[in-house]
Amino acid sequence: MSKEKKLVESITSRSENFSQWYTDVVRNAELAAYSSVRGCMIVRPLGTAIWENCQKDLDRRFKETGHVNVLMPMFIPEGLLQKEKDHVEGFAPEVAWVTHGGEEKLQERLCVRPTSETLFCDHYAQIIQSWRDLPKLYNQWVSVVRWEKTTRPFLRTTEFFWQEGHTAHATAEEAIEETHRMLNVYADFLEETLAIPVIKGQKTDKEKFAGAEETYTVEAMMHDGKALQSGTSHFFGDGFARAFNIQYSDKNNELQYVWQTSWGMSTRIIGAMIMVHSDDSGLVLPPHVAPTQVMIVPIAQHKEGVLDKANELKDALKEVVRVDIDDSDRMPGWKFSEHEMRGVPLRLEIGPRDIKNNQVVAVRRDTGEKTILSIDDLTETIPALLETIQQSLYDAAAARLSERIYDATEWAEFTQLIAEKPGFVRAMWCGDLACEEQIKDETSATSRCLPFEQEQLSDTCICCGKPAKHMVIWGKAY
RNA sequence: CGAGGUGUAGCGCAGUUGGUAGCGCGCCUGUUUUGGGAACAGGAUGUCGCAGGUUCAAGUCCUGUCACCUCGACCA
13 MSKEKKLVES ITSRSENFSQ WYTDVVRNAE LAAYSSVRGC MIVRPLGTAI
63 WENCQKDLDR RFKETGHVNV LMPMFIPEGL LQKEKDHVEG FAPEVAWVTH
113 GGEEKLQERL CVRPTSETLF CDHYAQIIQS WRDLPKLYNQ WVSVVRWEKT
163 TRPFLRTTEF FWQEGHTAHA TAEEAIEETH RMLNVYADFL EETLAIPVIK
213 GQKTDKEKFA GAEETYTVEA MMHDGKALQS GTSHFFGDGF ARAFNIQYSD
263 KNNELQYVWQ TSWGMSTRII GAMIMVHSDD SGLVLPPHVA PTQVMIVPIA
313 QHKEGVLDKA NELKDALKEV VRVDIDDSDR MPGWKFSEHE MRGVPLRLEI
363 GPRDIKNNQV VAVRRDTGEK TILSIDDLTE TIPALLETIQ QSLYDAAAAR
413 LSERIYDATE WAEFTQLIAE KPGFVRAMWC GDLACEEQIK DETSATSRCL
463 PFEQEQLSDT CICCGKPAKH MVIWGKAY
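Numbering of the first sequence is given in this note's numbering, commencing with residue 13 and proceeding in unit increments.
Next up, the structure:
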């Protein structure tokens, strides 16, 4: 009726225009706002609270795997940036430069960090001397700047917030192990906390990080079938160590270069979370990351005892979940829509009728399902219900992912799948850059990764027909 | 960076042949309301994106410029 009409007016239907729907959710849920700086967003309180929960969770996982946090400068002298050739070539087009301090022109211009490999390397060269100094397991939580041509809130912004881990190891094996360990940390975080199923794999040479020997990735599928690279972990070999002269004396008193890694995850995952779970009523937050997990909406709150009872519920529940109460003078219906828009996983309605019956009405954000719960054991039923919601969001996303991965063994089949079926296509590849580029030119799909779980779908490359080396997941990507 | 679109109140928009700046929602005050975006009464809010130009007069016409959106290109 008029309510539905209004909601449709404020949020474009997801099936009608996915991009507009995404923008509408970000704006209506008050996750972020546009700023007066091109391509830079203001992360509003809800978006910030979600990011803080991501940070808390990830930081705990980093600490559990032995890492410590540091803070590096935001500027990189031009000379330092240029020490590693592939790296600087990769980032040069999107670097912002500081040329003046006050009115004075700088002797050497400073780049606003697009990533901090060079700063960490410069520092590691100073502090690593002996095998006893290894490994170095550093991480930092900062923002970086990349002068992107097209920006979208969370998905690609000029400045974005992230963490970047940078480690130095005595052996290649140890560094490779670290690379995989952190990729698994990302995968676990995405699956357990954001309820986003991922595919783990390796990037092709074309898609790997500038300066990396190998790049590993966790790829997620959005609701429209497009891929979003959600976290990456890089093995650098000793390339940076040689460029920056990071050497240590081993147990035999021989000089050795260190072996390095880096890994990062950014505010982009908030975009992933939106595009995986949210719907036409707005944001849907997985309970594990939701700043408010339960919103209590009192009904007829002016009536004797209603607010008291609602506050009593809140006090009891706050021991076990993140709960809030909306006692503003809005109409209940308005509050329902508002908290749905903002993604609160569970709403509890309590009014005179419920109080009389010693019950509350619980409404799930993900399914809209209403259940009546006894007030007596809410501290057990509510956390359990939140776990159910978390699991069910994951299951639904996992089902969409597996339903929309197709296999192709013939070129015609491949191009048709890419063109007509939103999702990923698995196909064999010879390993040549030429084929990868041809596939991109002709289908606009890129190689997302060489999944760790390989299968021999056929013996020949989907593109050129030469003997196949790898199974690749192809898809259109953000 | 290319093509297209949009800039007028917090948000969404209208504004005719150039002639006093408008509407809806929201906001503020009060009263009544409250189980899916309440009703009534009263009230506040504008460098019309910005800079030039034409004109007695510009939101409206001209030139330039900036920003944002969509689709491409580019991109770890």
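Yeah, the Cβ is synthetic: ideal placement off N, Cα and C, and Gly gets one too. None of the values given here were measured: they were computed from a predicted structure.
Buried/exposed call for K215, threshold 16 Cβ in 10 Å: K215 comes out buried.
DSSP-derived helix/strand/coil call for D291: Shown here, D291 sits in a strand according to DSSP, grouped into three states.
Alpha helix (DSSP H) segment containing R359, residue limits: Run containing R359: none in the alpha helix (DSSP H); it sits in the beta strand (DSSP E), 358 to 362.
Range covered by the beta strand (DSSP E) that runs through W174: 171 to 181
DSSP state of P57 mapped onto helix, strand, coil: helix
Length at least 3, wholly inside the segment 335 to 386: the beta strand (DSSP E) runs in chain order: 335 to 337, 358 to 362, 371 to 376, 382 to 386
Q403, DSSP secondary structure in three states: helix
Rounded C-alpha distance that separates M84 from E422: 50 Å
Limits of the beta strand (DSSP E) - the one that Q152 falls within: Unbroken beta strand (DSSP E) run through Q152: 148 to 157.
contact_flag[the segment 414 to 421, the segment 439 to 447] where n(CB pairs < 8 Å) is 3 or more: yes
Distance, S245 Cα to L43 Cα: 27 Å
DSSP three-state assignment for N65, whether helix, strand or coil: Looking at N65 - three-state DSSP - the assignment turns out to be helix.
Neighbourhood of T163 by C-beta distance below 7 Å, restricted to the same chain and skipping five residues each side: Here the set comprises G51, T169, T170.
Three CB pairs or more closer than 8 Å across the segment 128 to 144 and the segment 251 to 271: yes
At least three beta-carbon pairs within less than 8 Å, the segment 363 to 371 to the segment 61 to 81: no
Separation of H289 from V49, as counted between CA atoms: 29 Å
Bounding residues of the alpha helix (DSSP H) (the contiguous stretch that carries L202): 184 to 204
Beta-carbon proximity check, L358 vs Q305, cutoff 8 Å: yes
Sufficient close CB pairs (3 or more, under 8 Å) joining the segment 401 to 409 to the segment 454 to 464: The segment 401 to 409, when compared against the segment 454 to 464, does not touch it at the 8 Å Cβ threshold.
Beta-carbon gap between E96 and G251 smaller than 8 Å: Contact: yes.
Three CB pairs or more closer than 8 Å across the segment 179 to 187 and the segment 234 to 245: no
For P135: DSSP bridge partner residues: Note on residue identity: the sequence assigns His, not Pro, to residue 135. Per DSSP, none; premise fails for H135.
Inter-residue spacing [alpha-carbon to alpha-carbon] between I62 and V37: When the Cα atoms are used, I62 and V37 turn out to be separated by approximately 15 Å.
N- and C-terminal bounds of the beta strand (DSSP E) containing D327: No beta strand (DSSP E) holds D327; the alpha helix (DSSP H) holding it covers 318 to 329.
Unbroken beta strand (DSSP E) run spanning H99, endpoints: Counting along the chain, H99 falls outside any beta strand (DSSP E), though it belongs to the alpha helix (DSSP H) covering 97 to 103.
I308 in three-state terms, based on DSSP: Secondary structure of I308 (DSSP, three-state): strand.
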